[in-house]
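Peer 1:
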Amino acid sequence: MLVKPSMFAREMRMIHFRSSRRCISATAVNPSAEVKPNFYVPKAERKTGNRNVFTVDAKMGEARLLRNDRRCPTRELNFTPESWGKHKDPYRRLRHMINIIRSSPVQRLAFPDLFGVTMVSAFLTYYNEFIAHADAMATVSSAGFAGGTTVIGLLAGFRLNASYGRYEECRIFWGDINNSTRDLAGQTMMWMKDADQRSRMLKLLKAFPVSLMFHLHAKGCHHNMLRRFHAPTAEDRDYADLQAKEHAGELDTPHHNVTRSGADFTFEDRVHAEFLAELRDIYSDGKDEEDFQRFNKVKYGGGNTPLEVLTCMRETIAGSIDTVDPVYVRELDEQVQRLCAAFGASERVLRTPLPTGFTRHSSRLMFIWSHTLPFALYPAMGPLLTLPTAVLTAYAVLGVEDIGVQLEEPFDILPLRQYSDGMYDAVSAVEKNYTPYVIKKETPYAEKTLSERMVDLVNESKN
36 MLVKPSMFAR
46 EMRMIHFRSS
56 RRCISATAVN
66 PSAEVKPNFY
76 VPKAERKTGN
86 RNVFTVDAKM
96 GEARLLRNDR
106 RCPTRELNFT
116 PESWGKHKDP
126 YRRLRHMINI
136 IRSSPVQRLA
146 FPDLFGVTMV
156 SAFLTYYNEF
166 IAHADAMATV
176 SSAGFAGGTT
186 VIGLLAGFRL
196 NASYGRYEEC
206 RIFWGDINNS
216 TRDLAGQTMM
226 WMKDADQRSR
236 MLKLLKAFPV
246 SLMFHLHAKG
256 CHHNMLRRFH
266 APTAEDRDYA
276 DLQAKEHAGE
286 LDTPHHNVTR
296 SGADFTFEDR
306 VHAEFLAELR
316 DIYSDGKDEE
326 DFQRFNKVKY
336 GGGNTPLEVL
346 TCMRETIAGS
356 IDTVDPVYVR
366 ELDEQVQRLC
376 AAFGASERVL
386 RTPLPTGFTR
396 HSSRLMFIWS
406 HTLPFALYPA
416 MGPLLTLPTA
426 VLTAYAVLGV
436 EDIGVQLEEP
446 FDILPLRQYS
456 DGMYDAVSAV
466 EKNYTPYVIK
476 KETPYAEKTL
486 SERMVDLVNE
496 SKN
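Sequential numbering of the sequence shown, starting at 36, is according to my numbering.
(1) Looking at the structure shown, is Val38 part of a helix, part of a strand, or coil, going by DSSP?
(2) Per the contact definition of three or more C-beta pairs closer than 8 angstroms, is the region 144-156 in contact with the region 415-430?
(3) In chain order, what are the residue ranges of uninterrupted beta strand (DSSP E) at least 3 long that sit wholly in the region 332-369?
(4) Taking DSSP as the reference, what is the three-state secondary structure of Leu112?
(5) Alpha carbon to alpha carbon, what distance is there between Leu314 and Ser60?
(6) Going straight from the alpha carbon of Gly501 to that of Ala242, what length do you get?
(7) Can you have a look at Asp357 and say buried or exposed, based on whether 16 or more other CB atoms are within 10 angstroms of its CB?
(8) Between Phe410 and Val175, is the Cβ-Cβ spacing less than 9 angstroms?
(9) In chain order, what residues of the same chain have a beta carbon less than 7 angstroms from the beta carbon of Glu366, not counting five sequence neighbours either side?
(10) For a test of the three-state rule: what should DSSP assign to Val88, helix, strand or coil?
(11) Out of curiosity, what's the CA-to-CA distance linking Leu251 and Leu261?
(12) How would you label Glu343, buried or exposed, when you count the other beta carbons within 10 angstroms and need 16 or more for buried?
(13) Counting pairs of Cβ atoms below 8 angstroms between the region 321-333 and the region 187-206, do you hit three or more?
(14) Judging by CA-CA distance, which residue of Pro140, Met132, Lys94, Gly379 is the nearest neighbour of Ser118?
(15) Hey, how far is the Cα of Ala308 from the Cα of Gly379?
(16) Buried or exposed: Ala173, going by 16 or more other Cβ atoms within 10 Å of its Cβ?
(17) What distance in whole Å lies between the Cβ atoms of Asp437 and Arg143, which are believed to be in contact at a cut-off of 8 angstroms?
(18) Can the beta-carbon of Phe446 be found closer than 9 angstroms to that of Ser397?
(19) What does Arg99 pair with, by DSSP beta-bridge criteria?
(20) With burial defined as no fewer than 16 other Cβ atoms inside 10 Å of the residue's Cβ, what is the status of Ser405: buried or exposed?
(21) Taking a contact to mean a Cβ-Cβ separation below 9 angstroms, would you say Leu112 touches Pro244 in this structure?
(22) By the three-class DSSP mapping on this structure, what secondary structure does Asp124 have?
(23) The alpha helix (DSSP H) with Asn214 in it runs from where to where?
(24) Grab the span of the alpha helix (DSSP H) containing Gly417 for me, first residue to last.
(25) Could you say which of Tyr469, Ala230, Ser486, Leu345 lies nearest to Lys322 if we only look at CA atoms?
(26) Pick helix, strand or coil for Val152, following the three-state DSSP scheme.
(27) May I have the straight-line CA-CA distance separating Gly188 from Leu101, to the nearest angstrom?
(28) Measuring CA to CA, which of Asn339, Asn213, Leu239 is closest to Phe249?
(29) Hey, could you find the ends of the alpha helix (DSSP H) Ile317 is sitting in?
(30) Considering only C-alpha positions, which residue in the set Thr109, Ser455, Thr185, Phe327 is nearest to Gly255?
(31) Would a check of beta-carbon distances place Val76 closer than 9 angstroms to chain B?
(32) Just the C-alpha distance for Asn103 and Arg206, rounded to the nearest angstrom, thanks.
(33) Alpha carbon to alpha carbon, what distance is there between Ser246 and Arg6?
(34) By how many angstroms is the C-alpha of Ser463 removed from the C-alpha of Ala220?
(35) How long is the line joining the alpha carbons of Ala312 and Tyr472, rounded to whole angstroms?
Here it is in structure tokens:
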């Protein structure tokens, strides 16, 4: 096979650009420092009410995130009493039917699943009505097909139950993280006497859910972020070449005059910029800068950032042994152990899906069943009702199976960002409002001054 010279040249330039980027990534150069975050909103700006990190779709009846693509699943936000009222509203079925076209199952299944069933039904109807003879129609025994339909329904239900178990399990994990974070914040305020150690520990408690969120979700729960690939331009190649030369010591002057737009950076660079923005919001006072740089280095190097945060927590606890009672030190470490256990359980769910062989087998069975369904419905439904009945039946069963597939990855469905923000607010509230109650001791009468004795006499006369 001959390759055109121009095509070969483009491929060689692409390889050179990618190799340059890998060379830069392996060094201390951090492109994310030059990328501005596009999605994160600082907490100080959210309080004004003008900006919000969530894009809410309130038209569907409950509080949920706006879906920017038909393939996106439904992502609910935390329920409030008002949300529960709409959820149990007697008119909910009518509202759900009005919004059925905008619903996630319909849009996700529209193509290719329901489209394929529609095409099979249409061609089957045309063949049986206009081509085949009455005694040679393409049909399948409805009685025999009913047994297979029962098995398919049980299979979809089993898939949904198994996936929901994973979903519920992960919600329990984040509930444990929330409880441990609050307990640890209160214990830190009670027992840690050193102000610097106390401040560092509280910042680590705020940083842990943020680092865990970015560890469990590729986009850090910025679901509207797109994985776009921009072909490298001449400016990009110059930028990569200059960075590589500067790192090798071949340049006498810095190359800051060469810049790139945020769209030209890789997806990983843009995600890292969002992570740094959230972390900087926690370390905005300029203190504990070593922790900030430490987490930045681990995250950019592809390391385990939540584990690094837990390590810093244990370092802080170990450094407080001289000022904190050993019993309280043990209590603090037990709370960190609870965080570590929930973190490890979350990693287990993330890295271990349902057996992929079962997923592939059930997917094949669903495809075969849905595309042979019109053949079983045709004898009873006839040419007019076969198509709509087949589409509605396939939608009902395939929709249950598709919801199960989405729930299998709970961290793409759960509102982890709201959980993380809630923990941040809880730690800040404990830090701001904690005031030790001090019992006032009564001064002996002989040690009181003359003015204090006069005040006591006046109070006694009033009583």
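Every residue, glycine too, gets a C-beta built ideally from N, C-alpha and C. All figures in this text were calculated on a predicted structure; none of them were measured in a lab.
Peer 2: Per the coordinate set shown:
(1) Residue placement at Val38 is flagged as unreliable, the pLDDT there being 40, under the threshold of 50; the coordinate-derived value follows with that caveat. DSSP places Val38 in coil when its eight states are reduced to three.
(2) yes
(3) none
(4) coil
(5) Reliability fails at Ser60, whose pLDDT of 38 lies under 50, so the model's placement of it is uncertain and the value that follows must be treated cautiously. Roughly 21 angstroms separates the two Cα atoms.
(6) Since the displayed the chain opens at 36 and closes at 498, residue 501 lies outside it and no answer follows.
(7) exposed
(8) yes
(9) Gln222
(10) coil
(11) 17 angstroms
(12) buried
(13) no
(14) Lys94
(15) 25 angstroms
(16) exposed
(17) 6 angstroms
(18) no
(19) Glu111
(20) buried
(21) no
(22) coil
(23) 177-226
(24) 391-442
(25) Ala230
(26) helix
(27) 30 angstroms
(28) Asn339
(29) 302-317
(30) Ser455
(31) Any reference to chain B falls outside this structure, which holds one protein chain only.
(32) 25 angstroms
(33) The first residue shown for the chain is 36 and the last is 498, placing residue 6 beyond what the model contains.
(34) 9 angstroms
(35) 37 angstroms
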